[in-house]
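Peer 1: So that we are looking at the same thing, I have put the structure below in structure tokens.
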Amino acid sequence: MTPAASASTRAATYDALVARARAGRLGPDPAALRIAVAFTTRQAVRHDGRGTGYRNEVLSLRLAEAVGSCAVEPGALPDSAVEDCVGADVARLLAHPLLPVRVAALDAYLMHVTPHTPDNGARPVRLPAGTSLQKSRARARAVAELLDLPRGATVLVVGVVNSLLETLRSRGLAYVPCDLKGGVTEWGETVATDASAEVGRCDALLVSGMTLGNGTFEPLREHALRHGKQLVMFAQTGSAVLPRFLGHGVSAVCAEPYPFFWLDGGPGTVHHYRADGPGGAW
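Structure follows, in structure tokens:
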């Protein structure tokens with residue numbers, strides 16, 4: 010990415026980024042680009058040795074060589090959404106009434122315009138082949154290493170993944186688990202449901218990209234920016250979207266485009282971005 014292009018792609022808020030994309034200021038006219046394939050991926054998992062499991066559902070859109078994705082709560086996405094997306098131009102989907110469709114369309118567009126390459130600020134991190142639990146733990150380590158905190162610091166974790174909590178525990182970090190679904194962690198800890206009520210007592214934020222699809226990302230970004238806290242995003246949802254906020258509240262991103270680590274037992278790759286790294290603040 011050239012310096013001139015870098016300056017033109019910065020956006021301080023999610024709405025501003027969408028407006029730039031719709032206006033064709035980030036790349037080709039989105040009205041001239043069509044989604045060839047739309048699909049959902051549904052998964053249920055319980056790793057060996059774990060007492061709890063979880064389900065995933067993700068909407069993905071294929072634009073040329075790029076795939077953009079947005080996770081949703083299982084069963085929340087109407088079947089008609091996939092049909093709405095197939096053959097539609099990106100501009101129309103950026104204005105779709107369903108937020109997950111808009112997020113997936115933006116992710117596909119930005120993945121097409123600025124794929125995860127070193128020229129665009131990405132550093133590839135290899136995940137080894139292994140069982141579902143081994144790969145989950147490897148991904149968790151790749152996410153957690155983007156946090157720069159002393160032992161004893163407290164992290165707000167939005168989007169509970171037990172492997173992430175396990176990794177934070179091993180690093181001597183305290184955490185407040187938060188997820189809209191509530192419940193308990195693998196260790197019997199109560200999961201908070203209101204991140205805004207917990208964020209003030211935490212030193213840093215570790216947040217799922219799924220917050221883009223449920224509309225809770227912006228308040229967390231604004232809090233991190235206002236209070237100078239680290240905000241590390243782990244992103245299957247919006248992996249190409251969230252690096253756009255480096256330097257605008259987001260300090261680092263572990264970007265994981267489709268196919269995700271839980272879909273395959275072979276080796277994989279995630280991509281690290283840092284606000285102070287090459288190409289940091291788009």
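Note that our numbering has the sequence shown beginning at 10, numbered continuously upward. The beta carbon of each residue, even a glycine, is placed where N, CA and C say it ideally should be.
#1: Out of G274, A100, A284 and A264, point me to the one whose CA is closest to T126's CA.
#2: Please identify the residue among S248, S141 and G286 whose C-alpha is closest to the C-alpha of G274.
#3: For the 8 Å Cβ check, are there 3 or more pairs between the stretch 154 to 161 and the stretch 225 to 243?
#4: With distances taken from CA atoms, which of G84, Q143 and Q245 is nearest G218?
#5: Measure the beta-carbon distance from H281 to A249 and round it to whole angstroms, keeping in mind my assumption that it falls under 8 Å.
#6: Assign D203 to one of two classes, buried (16 or more other C-beta atoms within 10 Å of its C-beta) or exposed (fewer than that).
#7: Just mark A73 as buried or exposed, buried being the case when its beta carbon has 16 or more other beta carbons within 10 Å.
#8: So what's F243 in DSSP terms, helix, strand or just coil?
#9: Measuring alpha carbon to alpha carbon, tell me which residue in G161, T163 and R150 is nearest N171.
#10: Beta strand (DSSP E) containing R283: first to last residue?
#11: Among T49, S179 and V27, which one has its Cα closest to the Cα of L102?
#12: Please confirm whether R31 has its beta-carbon closer than 8 Å to some beta-carbon of chain B.
#13: Rank G36, C94 and V167 by C-alpha distance to the C-alpha of A47 and give the top, closest one.
#14: Per DSSP, which one or two residues make a beta bridge with R180?
Peer 2: So, to answer that:
#1: A264
#2: S141
#3: yes
#4: Q245
#5: Not quite, the Cβ-Cβ distance comes to about 14 Å (not below 8 Å), so this is no contact.
#6: exposed
#7: exposed
#8: strand
#9: R150
#10: G277 to R283
#11: V27
#12: No chain B is present in this structure, which holds just one protein chain.
#13: C94
#14: According to DSSP, which records beta bridges pairwise, R180 is partnered with nothing at all.
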